[in-house]
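Chains as they are written, first to last, in this note's numbering: chain C, -10 to 109; chain V, -10 to 109. Ideal placement from N, C-alpha and C gives every residue a C-beta, glycine not left out. I have placed the structure first, in the form of structure tokens, so that the comments after it can refer back to it.
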DNA sequence: CTGTGTGCAAAGCTTTTGCACTACT
DNA sequence: AGTAGTGCAAAAGCTTTGCACACAG
């Protein structure tokens, strides 16, 4: 986990604020800052960050993976019309009842995605 | 929406029982039944079925889309160790509180995914 | 000089598109 | 013959892999 210039820059871009970025957006941003970097390095670095627990992957849109700089448990709104992903404030989703887990398994985490459309 | 042999066979395979299949699995199954069909037709047909409301897409694993023959609202367990997707019985997930939606949007649907791991 | 670990070109996926073709009218 | 709609080869796009290279010990 050597802190190379690519890794530092990718980390700075994504972790600057709570946000959800695709690999493509991160690549564009890092290049805009003047660093020469390939798409493969973006992916490799993001996967590394995910394994290290620095960022979280969010899968809602099958066409692209979002990387989320907020790692503590929280949920998402996904606007199907705009492709926008918005954090749901913690504690605004509360469960009254949860199912029994299948035999031999333990719970890893719970993802709630509320899909939205723009009001006609 | 002409009922061609390809469409009938794909429909039979997927809708035979409540299940979650990937495009790859459906292709294999349809071919095992002796029908000559391309992957593109599988995708085109499944997308058509989704638009018609016959099946639902489920996105949990970024590497593949699952097609779910159960269309009424329900949630899923996803076993991250096995890649297995299991229906959660309806009514076993109950919300006590839900967030206010962003301005100008309406709710489409809510997806809850409980990620599991095998017990060590 | 050796070994660990990086960054990227090329390869490997899944999924979509464009077009020849079919089957009704 | 015209037209609406199908099925698939080829293309597109996202992600991973394999390898040349760099740097620390």
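Ranked by Cα distance from residue 3 of chain C, the options C:29, C:56, C:88, C:72 are led by C:56. Among the residues of chain V, none has a CB under 8 Å from the CB of residue 57 of chain C; the nearest is roughly 13 Å distant. Judged by their CB atoms, residue 76 of chain C and residue 63 of chain C are nearer to each other than the 8 Å cut-off. Closest in alpha carbon position to residue 22 of chain V, among V:6, V:-5, V:11, is V:-5. Residue 48 of chain V places its beta carbon less than 8 Å from that of residue 48 of chain C. Nearest CB-CB separation between residue 54 of chain C and chain V: below the 8 Å threshold.
Three or more beta-carbon pairs separated by less than 8 Å are not found between the stretch 84 to 95 of chain C and the stretch 16 to 32 of chain V, which leaves the two stretches without contact. In this structure residue 100 of chain C is buried. Its beta-carbon is surrounded by 16 or more other beta-carbon atoms within 10 angstroms.
Between the beta-carbon of residue 58 of chain V and that of residue 96 of chain V there is about 24 Å, and that puts the pair past the 8 Å contact cut.
For residue 108 of chain C, the residues of chain V that pass the 7 Å Cβ criterion are 93, 94, 95, in the order they occur in the chain. Take residue -2 of chain C, set aside five residues on each side of it, and the residues of its chain with a beta-carbon closer than 7 Å to its own are 19, 22, 24, in chain order. Around residue 34 of chain V, the same chain offers -5, -4, -1 as residues with beta carbons nearer than 7 Å, after the five sequence neighbours per side are excluded. Rounded to whole angstroms, the Cβ separation of residue 68 of chain V and residue 105 of chain V is 5 Å, and the two are in contact under 8 Å. Interface annotation, residue 81 of chain V: in contact with chain C, CB-CB separation under 8 Å. Counting every other CB atom within 10 Å of its CB across the protein chains shown gives residue 71 of chain V a total below 16, marking it as exposed.
Counting along the chain, residue 30 of chain V sits inside the alpha helix (DSSP H) bounded by residues 28 to 41. In this structure residue 40 of chain C is exposed. Its beta-carbon is surrounded by fewer than 16 other beta-carbon atoms within 10 angstroms.
Straight through space, the alpha carbons of residue 61 of chain C and residue 107 of chain C are spaced by roughly 28 Å. Contact annotation for residue -4 of chain C against chain V: no contact, minimum CB-CB distance about 22 Å [criterion: below 9 Å]. Contact of residue 75 of chain C with chain V is assigned, a C-beta pair being separated by under 8 Å. Proximity of residue 103 of chain V to chain C, defined by a Cβ-Cβ separation below 8 Å, is satisfied.
By the neighbour-count criterion, in which 16 or more other beta carbons inside 10 Å mark a residue as buried, residue 94 of chain V falls on the buried side.
Close to residue 90 of chain V, with beta-carbon spacing below 7 Å, are these residues of chain C in chain order: 105. Contact between residue 11 of chain V and residue 54 of chain V holds: their C-beta atoms lie close to 7 Å from each other, under 8 Å. Under a 10 Å Cβ-count criterion, residue 45 of chain C is classified as buried, with 16 or more other Cβ atoms of the shown protein chains found around its own Cβ.
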